[in-house]
Each structure stands twice: as structure tokens, then as C-alpha cells.
Amino acid sequence: MSSQEKINRVNELRELINQNNYHYYVQDEPVIPDAEYDRLMQELIAIEDEFPELITDSSPTQRVGAVPLDSFPEIKHEVPMLSLGNAFDEDEMTAFDKRIREKLEMDSVEYVAETKLDGLAISILYEDGQFIRAATRGDGTTGEDVTLNVKTIKSIPLNLIDVGLLDEKYPERVEIRGEVFMTHDGFNKLNDKQKEKDEKLFVNPRNAAAGSLRQLDSRITAERHLSFFAYGVGIVEGGTIPETHAGLLSRLKTWGVPVSPETMVMRKLAACFEFYKNIASRRASLGYDIDGVVFKVNRLDQQDIMGYVSRAPRWAVAYKFAPEEELTEILDIEVQVGRTGALTPVARLKPVFVGGVTVTNATLHNEDELKRKDVRIGDTVIVRRAGDVIPEVLKVVMERRPAKTVEFKMPSSCPICSSDVEREEGEAVIRCSGGLYCSAQQIQAIIHFASRRAMNIDGLGDKLIEQLVEKKLINNVSDLYKLTQEQLSELERMAEKSAMNIIAALNNNKETSLDRFLYALGIREVGDATARSLANHFGNLVAIQSATLESLEEVADVGPIVAKHIVTFFSQNHNQEVINALLTAGVHWPDVEIKTEQPLQGKTFVITGTLDSMKREEAKQHLLELGAKVSGSVSKKTDYVIAGSDPGSKAEKAHKLEVEILDEAGFLSLLGNQ
Ligand code: IVH
């Protein structure tokens with residue numbers, strides 16, 4: 008290549024890479040595979056390595072981070088960066104709307120709704136479309152110069168796009184403002200890496216984003232997956248912007264700046280409430296944290312009339328969600344024993360309203376987590392409950408630790424049956440060694456046996472099983488079938504009729520299937536999908552009972568650990584006795600036809616959206632058992648896409664590529680026909 012050809016190629020590569028960044032981060036629609044993107048980048052790096060004189064500040068290769076700084080220089084904001092007033096209920100929103108309508112002397116005013124992103128506000132200055140510098144909000148007047156770090160965020164354009172239309176062109180000097188945040192994916196990846204390196208874990212995505220943005224070494228920032236959505240502008244010189252906020256947001260998009268897809272223009276307060284409720288219901292599935300909805304007056308001239316009060320605009324409000332993190336106190340730490348004997352420390356909390364419900368317990372996971380967080384009785388802690396996730400203790404507020412607390416130690420014997428506890432190498436869990444001698448394990452094992460996906464015994468609830476074990480009417484699952492109606496009706500709060508129904512349910516459900524029976528036994532790590540694989544592979548119980556480790560590992564989703572649990576389970580005499588007693592009691596199932604020929608062999612499936620009847624992971628297991636391959640992305644090689652509700656872009660892609668799409672009913676009938 009001549010040097011002119013090199014220059015041309017460098018420009019071409021930069022253009023291609025920038026275009027792809029735009030498709031990927033702004034349009035959310037990648038047009039080339041990641042590998043191809045990486046190749047373009049590698050080629051550019053190679054040419055720039057060879058001809059360093061071709062490197063420019065705004066080359067996409069310059070996002071990788073630069074040498075560390077000693078401290079961040081200060082930047083004075085030419086236009087102050089304000090904060091927002093809050094509303095916490097519909098009354099406060101009604102008052103906000105009333106103030107605005109009165110001041111503007113209008114019956115109804117147009118608002119734009121946006122999500123309130125839970126990250127950090129930043130300002131980015133562009134001159135002639137070129138990224139010049141970036142600053143944090145700081146105290147609103149003076150921020151920190153985080154230019155090098157912000158440059159590493161791939162979704163932020165280093166050059167604004169000029170579409171060639173005069174009235175859509177970016178102003179000569181324009182300051183774009185928005186929020187830097189970390190997605191849940193980025194956060195989990197970061198904490199996984201921190202764990203691997205034995206380094207401090209970040210408490211939540213916001214802290215992780217803040218910690219990553221305020222790195223003196225921008226090479227570290229470059230490795231963190233930070234995201235950005237713009238929501239406004241500061242300085243505007245040498246050009247104009249649209250007359251409405253909604254217009255501004257779409258203009259930002261044409262310049263190549265990422266903007267949240269969750270925005271809407273509305274006039275009526277009722278529509279604002281509707282939007283708020285809709286976003287609240289999808290909050291856990293957005294993939295990033297938000298803490299409310301921001302409503303802004305749409306017309307910029309009306310914003311000017313409204314003006315400001317102290318440090319917040321009168322034309323905008325943040326309608327907050329119930330917080331997902333709250334402070335509370337640890338009243339006690341208890342240790343629970345699960346079905347497999349695992350000891351789980353659980354914090355009893357002073358009741359606290361968090362994530363929309365009152366929380367009184369939070370898991371402390373296991374001994375290592377407890378040690379790492381050093382949670383003690385009497386501590387003030389941050390509790391988090393996001394979506395339907397089990398509440399957890401994130402962190403102790405050390406400043407508030409009372410005097411004379413003691414470190415919590417996991418017990419050396421089982422709190423229920425006093426058997427020794429053991430911790431296997433490489434495992435985080437401490438287990439009671441009592442097995443089915445331990446009444447906690449007995450109770451949990453029986454609850455599991457009776458549960459819906461196992462033997463499905465109606466009316467046999469947790470409390471009843473606890474009573475039965477405590478009164479020593481039953482020890483193990485086979486004793487259930489010896490219960491009489493008289494025994495049951497003598498129990499507290501047990502009507503004659505209910506007792507009869509339970510006995511009937513026990514009898515009626517004696518006919519089951521091999522996979523349900525296997526699942527019901529409660530073998531460690533054998534969930535219902537694994538049980539199904541085992542049943543289909545071996546066909547009968549005797550074959551599974553006598554299977555070797557090697558033959559078990561031939562089953563689709565059985566690895567060495569699961570295989571070992573299965574062999575261990577069947578090698579224990581008391582388990583064999585319970586199985587024999589169950590068979591004697593009349594529990595039975597039809598033989599399973601072993602499928603040697605895999606009906607879906609060679610077919611590739613992609614699953615997208617939410618299925619009502621099962622989790623995606625289960626659907627995948629069913630398909631694997633039938634010999635299919637399950638892939639994460641749709642391509643020409645995909646044979647079927649299974650689309651549940653809210654299927655997203657994969658279903659669209661399938662449509663484009665003319666791949667057959669099955670809805671849930673179609674998928675279930677496909678499974679049923681095999
Ligand atoms: S507008 C003049 N819009 O919330 C208006 N802020 O409480 C200033 N934030 O510092 C901000 N999402 O960090 C605006 N869609 C959004 C926002 C948003 C998150 C943050 C921002 C700001 C803080 C104010």
C-alpha cells in the first residue's frame with residue numbers, strides 16, 4: 008500500500024468503526040458480528056502502530072485509556088448542572104402539574120417522560136462536532152475533568168454525525184449532558200472479575216459506575232462496561248437546537264448520541280401515571296437500575312417561563328420509585344437448615360419497606376459471604392430487594408456499629424439435630440451431616456416430595472408436614488402412605504373433610520412417572536430437567552440405581568458432580584429402604600420408552616421472550632434431551648425460534664431471515680409429539 012492508500016484505509020476503517028458503534032450503541036441493532044468489528048479495530052491498530060503519525064485524538068483506537076493521572080483537574084461549568092425536585096406520590100405530581108398550568112396559564116401542558124437513570128451525571132463538550140472534554144457534575148458549579156475516562160465509553164461518539172441538513176447540524180459548541188451508568192450485565196461481569204482477582208466487590212451498579220468513572224488510570228475505566236444515555240444540553244453556541252425537549256432528544260440521536268428508548272410525550276396527568284406504572288412494572292427487566300421517572304415540560308420556551316428555584320428547575324420533577332435499597336438493623340442472625348442439610352445464615356431485620364414490600368428477613372448466603380461482609384447482631388446494614396429477587400444484606404454501615412459487637416460464627420453442630428457439620432473442599436456451604444436423621448432435612452425432604460412438580464399431593468402443606476414430623480407420625484416420605492384419616496383429623500386445625508381429601512390425594516397420585524418420582528426423591532442437584540433426562544436415557548429405575556459414574560455422565564446434562572450425588576444417594580441403605588417402602592405402598596409408573604433415535608437431532612433452536620409454562624432453562628433442557636442444539640443468537644442456520652411473550656429483537660431477526668417461529672403452544676405441541 009502506498010502512504011496515500013494507507014491514509015485512505017485508515018479513514019475508511021475509522022468511519023466503519025464509528026458507524027458500527029452507532030448501530031450497536033445508539034440504534035441497539037448491531038449490523039456486523041462482534042468478531043468482524045474486532046477485525047476492523049485490529050487492522051486500524053496495526054496501521055497506526057506502523058505509522059504513528061496517522062494517530063489522531065479522535066481515532067477510535069484512542070478509547071483504550073491513557074497513562075494514569077495524579078488527580079483530576081477541576082472544570083468550571085459555564086452553565087450550572089442542576090438537580091431535580093422530587094415527587095413521591097400522585098398528590099405531589101398533581102401539585103407539580105397545577106403549578107405549571109397556573110404559571111403558564113394553560114389548561115394542559117405537554118410533558119416528556121424519561122426514566123431516571125441511577126448513575127452519575129456528566130457533561131461532554133463538543134466543538135465543531137469533536138469530543139473536547141468531559142466533566143462530572145461535582146457540586147453543580149465545578150466538576151472534575153474525566154475526559155480520558157469518558158473517552159473510553161464506546162457508546163459516546165468522539166465525532167458527532169453531520170447528516171448534511173443545515174437545520175439539523177450540531178452547534179459549533181455544544182455541551183451534551185446525560186447519565187453514565189452500568190448495566191446489570193456489566194456489573195455482574197465486573198464483580199465476577201473482582202472475585203477472581205480476590206479484590207473488593209462493588210455493592211451496586213451505581214457505585215461500580217462511580218468507581219469506574221473516577222479512576223485516575225483510564226485503562227481501568229476502559230475495561231469496565233460503562234453505558235451512557237443523554238438527556239439534555241448545557242452550552243449551545245453557534246447553532247440552534249429544536250424547540251421542544253422531545254425534538255432535542257431525537258436530534259441528539261441523529262448526531263449519534265445514545266438516548267434512552269423509554270421516553271414518551273404526554274399531555275394528561277393520567278397518562279403520566281400510566282407511564283410511571285408501566286415503567287415500574289418493567290423496572291426489574293430493563294437491565295439497568297432506575298430510581299424513578301423524570302417529567303419535563305416539553306416546550307423549551309415554556310421551560311424558560313417556568314425558570315428555576317434554588318438548584319432545581321421548576322419545569323421538571325423526578326417522580327421516585329420505592330427505593331430498592333434501605334437502611335435497617337440486624338436484630339438477630341439465625342441459621343436455617345435446608346433439604347440438603349445446607350446451613351444458611353439468615354438475618355432477622357427490623358422491618359423495613361424496600362422494593363415495594365416490608366422485609367423482615369434477608370439471606371446472608373453462606374459462611375464466606377458472612378465473613379466478607381462481617382455482619383453482626385446490632386449492625387446497621389444496607390438491604391437490597393430488586394424485583395422478585397430474595398432480599399439480601401449488601402453491606403454494613405461500619406460508622407454505625409455499636410460498641411461491643413461480636414463476630415458471628417457459624418455453628419460447629421447442626422442447630423436442629425446437633426449432628427456435626429462439615430464443609431467440603433471447594434464448597435462454600437456448610438452442611439449438617441445428620442442426613443434424614445435431622446428433622447429439618449426430613450421436613451424439607453417431605454415438603455419437596457409432596458410439591459407440585461414432584462408427587463403433587465394437594466393439601467399437604469408445609470405447616471402440616473412440620474406437625475406430622477414433630478408429632479413423630481412420619482419420619483420419611485414413605486410413611487406418608489401409612490397415615491390414616493383418623494391420625495390426620497386429630498391434628499390441630501384439621502377438618503374431617505380435609506383429612507379425607509389428603510388421604511385421597513395420596514392414593515390418587517400413586518400413579519406417577521419415572522421422572523417425577525426421581526425428582527421427588529430429592530437427590531442433590533437433580534432438578535426436574537435432569538430427572539427427565541435420566542428417565543429417558545435409562546428407561547427404568549433399576550438401571551439408574553445400578554448405573555456407574557461413567558454411564559451417568561453419558562446423560563445430556565449430567566456432569567461428574569451430579570453423577571457422584573446420584574451414585575452416593577443410591578448407595579445409602581436408608582434411601583434404598585425408603586424407595587422399597589414407596590414401591591410396596593403402591594407408588595408406580597409406566598415404563599419409559601428409551602429413545603435411541605433423537606427426534607430433533609441436527610436441528611438448531613433459539614429461545615426468546617418469556618414462557619408461561621416453564622423457565623427458558625427448562626425449555627432448553629427439553630430440547631437438548633430430544634437431540635436439538637440450542638443457540639443464543641439467530642442466524643441463517645437456525646431452524647426454529649421459540650418466541651414467548653415480549654420476544655424482542657431475536658424474533659424480528661428470525662422474521663427477517665425467514666426462520667420458522669413457534670409460539671409457546673406450538674413449542675409445547677412439538678415437545679408433546681416427540
Ligand atoms: S435532568 C435540569 N433527566 O438525576 C435537569 N436527570 O436528581 C437536570 N438523572 O443530576 C437533570 N436521569 O444525574 C435528568 N432523565 C434524566 C435523568 C436525570 C437521571 C439524574 C442526574 C441528575 C439527578 C438529579
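Quick note on our numbering: the sequence shown kicks off at 8 and runs consecutively. Backbone N, C-alpha and C fix where the C-beta goes; we use that ideal spot for every residue, glycine too. No experiment lies behind these values; they were computed from the predicted model shown.
Measure the CB-CB distance between residue i and residue j and report whether it falls below 8 Å.
i: Val404; j: Lys123; result: no
i: Ala217; j: Leu197; result: no
i: Leu607; j: Ala635; result: yes
i: Ile349; j: Arg430; result: In the sequence as presented, Ile is not what sits at residue 349; that position holds Ala. In this structure, Arg430 does not lie closer than 8 Å to Ala349 by Cβ.
i: Asn305; j: His252; result: yes
i: Val361; j: Glu331; result: yes
i: Thr68; j: Glu55; result: yes
i: Glu174; j: Asp296; result: The amino acid at residue 174 is misidentified as Glu; the sequence shows Asp. Result no, Cβ atoms of Asp174 and Asp296 do not sit closer than 8 Å.
i: Gln451; j: Gly442; result: no
i: Asp381; j: Glu414; result: yes
i: Arg274; j: Glu117; result: yes
i: Glu532; j: Ile568; result: yes
i: Gly294; j: Ala325; result: no
i: Gly147; j: Arg318; result: yes
i: Thr154; j: Ala141; result: yes
i: Arg290; j: Phe328; result: yes
i: Glu250; j: Asp308; result: yes
Straight-line CA distance for residue i to residue j?
i: Leu111; j: Ala278; result: 20 Å
i: Ala661; j: Leu618; result: 18 Å
i: Arg391; j: Glu336; result: 13 Å
i: Cys424; j: Ala672; result: 48 Å
i: Pro409; j: Leu338; result: 13 Å
i: Leu127; j: Arg184; result: 10 Å
i: Phe577; j: His372; result: 29 Å
i: Gly468; j: Asp427; result: 29 Å
i: Asp554; j: Thr519; result: According to the sequence displayed, residue 554 carries Ala and not Asp. Spanning the two alpha carbons is a distance of roughly 22 Å.
i: Glu683; j: Ile39; result: Lying before the first or after the last residue shown, residue 683 is absent from the chain, which here runs from 8 to 681.
i: Glu99; j: Tyr283; result: 14 Å
i: Lys260; j: Val266; result: 6 Å
i: Leu20; j: Arg539; result: 51 Å
i: Phe545; j: Asn195; result: 38 Å
i: Leu548; j: Glu584; result: 14 Å
i: Ile551; j: Gly345; result: 25 Å
i: Gly92; j: Glu281; result: 20 Å
Does the Cβ of residue i have 16 or more other Cβ atoms within 10 Å, making it buried, or fewer, making it exposed?
i: Ala94; result: buried
i: Arg46; result: exposed
i: Asn515; result: exposed
i: His84; result: buried
i: Arg213; result: buried
i: Val476; result: buried
i: Pro268; result: exposed
i: Ala435; result: exposed
i: Ala502; result: exposed
i: Ile601; result: exposed
i: Asn582; result: buried
i: Gly239; result: buried
i: Tyr315; result: exposed
i: Val187; result: buried
i: Thr491; result: exposed
i: Asn156; result: buried
For the alpha helix (DSSP H) holding residue i, just list the boundary residues, first then last.
i: Met507; result: 503-515
i: Lys627; result: 623-632
i: Lys636; result: Taken as a continuous stretch (DSSP letters only), Lys636 belongs to no alpha helix (DSSP H), being part of the beta strand (DSSP E) at 636-638.
i: Ser458; result: Looking at the DSSP string, Ser458 is not in any alpha helix (DSSP H), and its letter there is neither H nor E.
i: Ala661; result: 656-663
Where do the ends of the beta strand (DSSP E) carrying residue i lie?
i: Gly299; result: 297-304
i: Ile139; result: 137-143
i: Gln343; result: 332-344
i: Cys445; result: Run containing Cys445: none; DSSP gives neither H nor E here.
i: Gly609; result: Counting along the chain, Gly609 falls outside any beta strand (DSSP E), and DSSP gives it neither H nor E.
i: Asn483; result: Counting along the chain, Asn483 falls outside any beta strand (DSSP E), and DSSP gives it neither H nor E.
Would you mind giving the Cβ-Cβ distance between residue i and residue j, rounded to the nearest angstrom? I have them listed as a contact below 8 Å.
i: Arg407; j: Thr387; result: 4 Å
i: Phe612; j: Val637; result: 5 Å
i: Leu165; j: Phe209; result: That belief does not hold up - the Cβ atoms of Leu165 and Phe209 are roughly 27 Å apart, past 8 Å.
i: Asp564; j: Thr591; result: With 8 Å as the limit, Asp564 and Thr591 do not qualify as a contact, their Cβ atoms being about 31 Å apart.
i: Ile242; j: Val86; result: 6 Å
i: Glu182; j: Leu132; result: 5 Å
i: Phe524; j: Val484; result: Actually they are not in contact, since the Cβ atoms of Phe524 and Val484 sit about 11 Å apart, beyond 8 Å.
i: Gly655; j: Gly616; result: 7 Å
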